[in-house]
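> Please see the structure below; I have some questions.
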Amino acid sequence: MIRRIFSIQRLKIKTKFHLALSTVILCLGLVLGIIGTHIAATELIKENKERGKVLASNLAYRSEEPLLAMDFLRLKNLVDEVQKANSDLAYAFILDPAGRVLVHTFDQGFPVQLLDVYTGQTSVSQFSSMLLLTNQGKIYDFAAPVKLKADRLGTVRIGMQRKRLEEMIKWLSLWIFGLTAGTTILALGVASWFSSRFTNRIKALTECANEMVKGNLSVHSAPEPKRHCWEINNCQATSCPAYGDTRRRCWYITGTLCPFYHLEEDEQGGFSCRNCRVYQENAGDEIQELAEAFDYMAMTLDDRIQQIQTAEKELSRQKEVLRTTLDVTPDMVALQDENLVYQAANKAFCSYFQLTEADILGKTDFDIFSESQADQNYHEDMQILQTGKSLSKEIGVTHGDTEIWFHILKVPVYTEGRISGLLLTARDISVIKQYQERLVQSQKMEDLGRLAGGVAHEINTPLGIILGYAQMLLEDVEPDSQIAADLQIIEKQTKICSNIVSDLLGFSRQNQTTKTDVNINESIQEVISLVEHTFGLSRVQILSDFDPNIPEIDGDKDKLKQVWMNLLNNAFDAIQQDGYIRITTKLCAHRRRVAITVTDTGAGIKQEILNKIFDPFFSTKPVGKGTGLGLSVTFGIIKDHGGRINVLSPAPKEYIQAMPDEGLSLGPGTVFLVELPLWYMKLPEEECEELGLGGET
Numbered sequence: 000m001i002r003r004i005f006s007i008q009r010l011k012i013k014t015k016f017h018l019a020l021s022t023v024i025l026c027l028g029l030v031l032g033i034i035g036t037h038i039a040a041t042e043l044i045k046e047n048k049e050r051g052k053v054l055a056s057n058l059a060y061r062s063e064e065p066l067l068a069m070d071f072l073r074l075k076n077l078v079d080e081v082q083k084a085n086s087d088l089a090y091a092f093i094l095d096p097a098g099r100v101l102v103h104t105f106d107q108g109f110p111v112q113l114l115d116v117y118t119g120q121t122s123v124s125q126f127s128s129m130l131l132l133t134n135q136g137k138i139y140d141f142a143a144p145v146k147l148k149a150d151r152l153g154t155v156r157i158g159m160q161r162k163r164l165e166e167m168i169k170w171l172s173l174w175i176f177g178l179t180a181g182t183t184i185l186a187l188g189v190a191s192w193f194s195s196r197f198t199n200r201i202k203a204l205t206e207c208a209n210e211m212v213k214g215n216l217s218v219h220s221a222p223e224p225k226r227h228c229w230e231i232n233n234c235q236a237t238s239c240p241a242y243g244d245t246r247r248r249c250w251y252i253t254g255t256l257c258p259f260y261h262l263e264e265d266e267q268g269g270f271s272c273r274n275c276r277v278y279q280e281n282a283g284d285e286i287q288e289l290a291e292a293f294d295y296m297a298m299t300l301d302d303r304i305q306q307i308q309t310a311e312k313e314l315s316r317q318k319e320v321l322r323t324t325l326d327v328t329p330d331m332v333a334l335q336d337e338n339l340v341y342q343a344a345n346k347a348f349c350s351y352f353q354l355t356e357a358d359i360l361g362k363t364d365f366d367i368f369s370e371s372q373a374d375q376n377y378h379e380d381m382q383i384l385q386t387g388k389s390l391s392k393e394i395g396v397t398h399g400d401t402e403i404w405f406h407i408l409k410v411p412v413y414t415e416g417r418i419s420g421l422l423l424t425a426r427d428i429s430v431i432k433q434y435q436e437r438l439v440q441s442q443k444m445e446d447l448g449r450l451a452g453g454v455a456h457e458i459n460t461p462l463g464i465i466l467g468y469a470q471m472l473l474e475d476v477e478p479d480s481q482i483a484a485d486l487q488i489i490e491k492q493t494k495i496c497s498n499i500v501s502d503l504l505g506f507s508r509q510n511q512t513t514k515t516d517v518n519i520n521e522s523i524q525e526v527i528s529l530v531e532h533t534f535g536l537s538r539v540q541i542l543s544d545f546d547p548n549i550p551e552i553d554g555d556k557d558k559l560k561q562v563w564m565n566l567l568n569n570a571f572d573a574i575q576q577d578g579y580i581r582i583t584t585k586l587c588a589h590r591r592r593v594a595i596t597v598t599d600t601g602a603g604i605k606q607e608i609l610n611k612i613f614d615p616f617f618s619t620k621p622v623g624k625g626t627g628l629g630l631s632v633t634f635g636i637i638k639d640h641g642g643r644i645n646v647l648s649p650a651p652k653e654y655i656q657a658m659p660d661e662g663l664s665l666g667p668g669t670v671f672l673v674e675l676p677l678w679y680m681k682l683p684e685e686e687c688e689e690l691g692l693g694g695e696t
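Once you know that position 376 of the sequence shown is 375 in numbering that gives the first Met the number 0, the rest is easy, because the numbers rise by one and skip nothing.
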């Protein structure tokens with residue numbers, strides 16, 4: 000049963016319509032045939048009974064006079080005449096009041112069983128009828144009394160055969176069933192045509208629905224109207240949204256310029272368009288309305304999908320722009336949800352932690368940072384999520400051998416008026432911190448310079464007096480005496496103090512400077528010529544790479560030579576023996592400055608003292624090996640020329656790799672970077688690109 004029901008459900012709707020209508024029409028035709036046959040048979044039987052009654056009554060009436068006269072011949076003629084006039088009359092006979100047969104139409108004798116039909120009645124006092132079963136078939140027996148006023152003269156009985164009646168009923172039934180069958184066949188044809196028309200329209204809607212499922216929203220299932228609204232109304236309003244629209248009916252379009260169009264409902268509760276002649280001419284049945292609504296829905300969906308696709312493309316474009324912007328920016332950017340789970344991270348954030356974006360998304364700080372740092376971040380972030388207040392701070396992080404400073408900014412992200420996450424940005428401000436340290440260092444050096452200059456001026460005069468008197472006393476004593484030896488010691492140490500004072504004055508830039516045109520390459524080469532032999536004794540080789548396009552600059556040649564001398568001596572002291580010193584000059588691309596580098600392959604400078612090497616009297620050399628003023632004086636001379644000097648230790652790889660590979664054990668090295676402006680130019684704030692450095696100290 001389940002399988003049968005399932006098979007019926009799988010039938011097409013057209014077949015179901017055919018089956019349903021055929022079943023209804025066939026059942027209705029059969030019922031109508033049966034009912035019609037029954038009614039016709041009943042009426043024929045009734046008519047036959049009435050006819051029998053009339054024949055019996057008529058024979059009884061005509062038998063009155065012969066019965067009174069006891070004229071049996073006339074009675075015989077009457078019954079024979081009645082039988083001959085009616086072919087379906089089986090018999091006729093007349094009884095006297097005592098129930099004796101007077102005349103009959105039987106050829107082979109009267110069947111006495113007919114006398115017992117009306118049991119207990121020797122004579123019928125009123126008209127009666129009865130259906131008898133005989134050897135000749137069914138017979139209707141009719142009995143009619145023969146009366147003269149109140150006296151009963153006898154009884155007339157006739158028998159009418161039912162065979163003819165049955166033949167008439169059968170013939171009539173065949174006609175009725177034939178007519179019913181013809182009508183049924185015609186009805187089935189009409190029903191089939193109707194169901195085909197109906198199901199074809201349903202099929203068209205189904206095909207349109209299938210096309211929509213496939214993504215084709217340009218389908219059209221409603222029939223094309225013979226005339227459009229602008230043709231019916233002879234309208235020329237080309238600005239009307241319905242004008243020229245062949246896919247939609249005008250009553251589905253809002254804002255039309257039709258004079259019959261109103262948004263309100265009429266008094267009967269229907270839309271006013273129903274009274275428009277355009278609607279009355281083009282409107283159809285419910286299926287057409289469904290098809291029109293279907294087409295309108297498809298167009299609306301098409302428009303909405305196009306709008307969504309356009310919006311998606313724009314959102315995708317904006318997302319790509321945002322992603323590109325976030326990936327290009329050097330700042331680290333990350334987005335966390337309200338549970339502090341990472342939802343997004345830019346390229347800089349991933350690169351810093353050496354993770355991919357997939358490794359970060361869905362994780363928390365406890366999966367990325369150390370436990371202590373993650374715990375600190377957690378409490379800070381929860382405070383922001385609870386209070387809605389942003390957090391801005393600067394932190395220093397040791398990354399490998401380098402300390403990196405970040406400016407951290409955390410702000411809450413709002414969605415529909417509530418905090419839904421946290422946005423983190425971290426900017427590397429190490430360069431800014433270095434500039435700040437340089438500024439502090441420069442200010443400190445200026446303060447020290449002023450202090451040293453004041454002290455030098457105060458000491459210079461007493462030293463001159465001591466030196467003068469010591470030299471005068473030497474002229475008055477014996478050269479070989481102990482006093483002469485002591486005075487020579489005083490003279491020597493006084494000159495040393497005088498040199499120190501001179502260096503202090505040079506550092507404070509309070510001594511006189513004579514600036515002329517200086518060829519940087521020549522001044523450096525002159526210093527190299529002075530020390531090259533001495534350095535060579537310790538197998539320290541000086542390498543040079545000069546840019547021949549460097550123009551002359553405005554400077555003090557002697558003081559600049561003192562700078563090169565100090566830098567070369569420091570490099571030699573760092574190497575001591577077996578190494579290289581490489582000095583280069585380069586004209587920057589914008590022709591606004593000259594860059595000089597002095598690189599050694601020595602032991603390098605410790606990070607903790609790197610920021611102190613330009614301080615006066617700071618020295619790592621043993622006592623008696625230096626005054627600690629060499630780099631201080633160098634710093635002052637460079638600054639007096641409008642330039643700047645920086646130092647990197649260990650030296651970048653590209654500087655060390657430029658040295659010859661002769662099997663020597665080279666140290667981490669140090670590189671001093673000197674930048675001097677050209678004529679009448681101010682030194683730019685940005686670093687020189689030709690130095691090729693990723694950072695500096």
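Just so you know, even glycine gets a beta-carbon here, dropped at the ideal spot from N, CA and C.
Here the structure is a predicted model, which means the values were calculated and not measured.
When you compare only the Cα positions, how much space is there between Val-145 and Thr-41?
If I take the Cα positions, the gap works out to 29 Å.
> Suppose you measure from the CA of Phe-545 to the CA of Asp-572; what does that come to, to the nearest Å?
Their Cα atoms are separated by approximately 24 Å.
> Tell me, please, whether the region 74 to 94 touches the region 155 to 163 by the rule of three or more beta-carbon pairs shorter than 8 Å.
A contact exists between the region 74 to 94 and the region 155 to 163.
> Using C-beta distances below 8 Å, list every residue in its chain close to Ala-236, excluding the 5 sequence neighbours before and after it, in chain order.
Closer than 8 Å at the Cβ level, and outside the excluded window around Ala-236, lie Trp-229, Tyr-242, Leu-256.
> Leaving out five residues on either side along the sequence, give the residues of the same chain with a beta carbon under 8 Å from the beta carbon of Gly-51.
Closer than 8 Å at Cβ, skipping near neighbours: Ser-128, Tyr-139, Phe-141, Ile-157, Met-159.
> Classify Phe-193 as buried or exposed, calling it buried when 16 or more other Cβ atoms lie within 10 Å of its own Cβ.
Result: exposed.
> Within the same chain, show all residues whose beta-carbon is closer than 8 Å to that of Gln-267, passing over the 5 residues directly before and after it, in chain order.
With a pLDDT of 47 at Gln-267, under the threshold of 50, the predicted position of this residue should be treated as unreliable, though the coordinate-derived value follows. None.
> I'd like the span of the beta strand (DSSP E) that includes Tyr-579, first residue to last.
Tyr-579 -> beta strand (DSSP E) spans 578 to 586.
> If I'm right that Thr-179 touches Gly-28 with Cβ under 8 Å, what's the distance once you round it to whole angstroms?
Indeed, because the Cβ distance is near 5 Å, the residues count as touching under 8 Å.
> Alpha carbon to alpha carbon, how far is Pro-65 from Leu-77? Give it in angstroms, no decimals.
Each residue's alpha carbon lies about 10 Å from the other.
> Taking the straight line between their C-alpha atoms, what separation do you get for Ala-203 and Leu-289?
Roughly 12 Å separates the two Cα atoms.
> Taking Leu-101 and Phe-126 to be in contact with their CB atoms under 8 Å, please state how far apart those CB atoms are, rounded to whole angstroms.
Contact flag wrong, Cβ pair sits at about 19 Å.
> Identify which residue in Phe-293, Leu-339, Asp-577 has its Cα closest to the Cα of Thr-205.
Ranking the options by Cα distance to Thr-205, first place goes to Phe-293.
> Would you list, in sequence order, the uninterrupted alpha helix (DSSP H) runs of no fewer than 4 residues that lie entirely inside the region 39 to 69?
You should have 63 to 68.
> Which two residues bound the contiguous alpha helix (DSSP H) that contains Gln-524?
Here the alpha helix (DSSP H) through Gln-524 covers 519 to 536.
> Sorted by chain position, which residues of the same chain lie with C-beta nearer than 8 Å to Leu-423's C-beta, five sequence neighbours on each side aside?
Contacts found: Met-331, Val-332, Ala-333, Leu-334, Gln-335, Ile-407, Leu-408, Lys-409.
> With three or more C-beta pairs closer than 8 Å as the rule, is the region 457 to 469 touching the region 366 to 383?
These segments do not touch.
> Please report the residue range of the alpha helix (DSSP H) in which Arg-591 lies.
Segment: none, Arg-591 is in no alpha helix (DSSP H) and carries neither H nor E.
> Could you give the distance in angstroms between the alpha-carbon of Ile-519 and the alpha-carbon of Gly-535?
So the alpha carbons of these two residues sit roughly 23 Å apart.
> For Ile-523, which option in Glu-490, Ile-489, Lys-491, Lys-558 has the closest C-alpha, if you only look at C-alpha atoms?
The shortest Cα separation from Ile-523 among Glu-490, Ile-489, Lys-491, Lys-558 belongs to Lys-558.
> Quick one: is Thr-633 buried, meaning 16 or more other Cβ sit within 10 Å of its Cβ, or exposed?
When all chains shown are included, Thr-633 counts as buried.
> Quick check: the Cα distance between Lys-169 and Cys-275, rounded to an integer number of angstroms?
Rounded to whole angstroms, Lys-169 to Cys-275 spans 59 Å at the Cα level.
> Report buried or exposed for Cys-239, applying the criterion of at least 16 other Cβ atoms within 10 angstroms of its Cβ.
Per the 10 Å Cβ criterion, buried.
> When the Cα of Leu-58 is compared with those of Ala-68, Ile-44, Lys-75, Lys-45, which residue comes out closest?
Taking only the C-alpha atoms, the option nearest Leu-58 is Lys-75.
> Let's test the definition: count the other Cβ atoms within 10 Å of the Cβ of Glu-706 and tell me whether it reaches 16, buried, or not, exposed.
The structure shown does not extend to residue 706, since the chain is modelled only from 0 through 696, so no value can be given for it.
> Indicate the three-state DSSP secondary structure (helix, strand or coil) for Leu-130 in the structure shown.
It is a strand residue.
> So the candidates are Gly-395, Asp-380, Ile-394; which of them puts its Cα closest to the Cα of Ser-703?
Coverage of the chain is limited to positions 0 through 696, which leaves residue 703 absent and any answer about it impossible.
> Express the C-alpha separation of Ile-637 and Val-530 in angstroms, rounding to a whole number.
Cα-Cα distance, rounded: 21 Å.
> Here's a check: name, in chain order, each residue in its chain whose Cβ is nearer than 6 Å to the Cβ of Arg-73, leaving out the five neighbours to either side.
Pro-65.
> Under a three-way DSSP split, which group does Pro-461 fall into?
Pro-461: helix per DSSP, three-state reduction.
> Which residues share a DSSP beta bridge with Arg-643?
Looking at the DSSP assignment, Arg-643 forms a beta bridge with Glu-674.
> Rounded to whole angstroms, what's the CA-CA distance from Phe-92 to Ile-34? Just pull it up for me.
Their Cα atoms are separated by approximately 38 Å.
> List the endpoints of the continuous beta strand (DSSP E) containing Ser-350.
It is not in any beta strand (DSSP E) - Ser-350 instead sits in the alpha helix (DSSP H) that spans 346 to 352.
> Between the alpha carbons of Gln-509 and Val-646, how many angstroms are there, rounded?
Unreliable positioning characterises Gln-509 in this predicted model, as indicated by a pLDDT of 48, which lies under 50. A coordinate reading is not provided.
> Within the present structure, is the beta-carbon of Lys-162 separated from the nearest heavy atom of the ligand FAD by less than 7 Å?
As far as ligands go, the structure on display features none, and thus does not contain the ligand FAD.
> To the nearest angstrom, how far is the alpha carbon of Ser-56 from that of Tyr-117?
Each residue's Cα considered, the two are about 18 Å apart.
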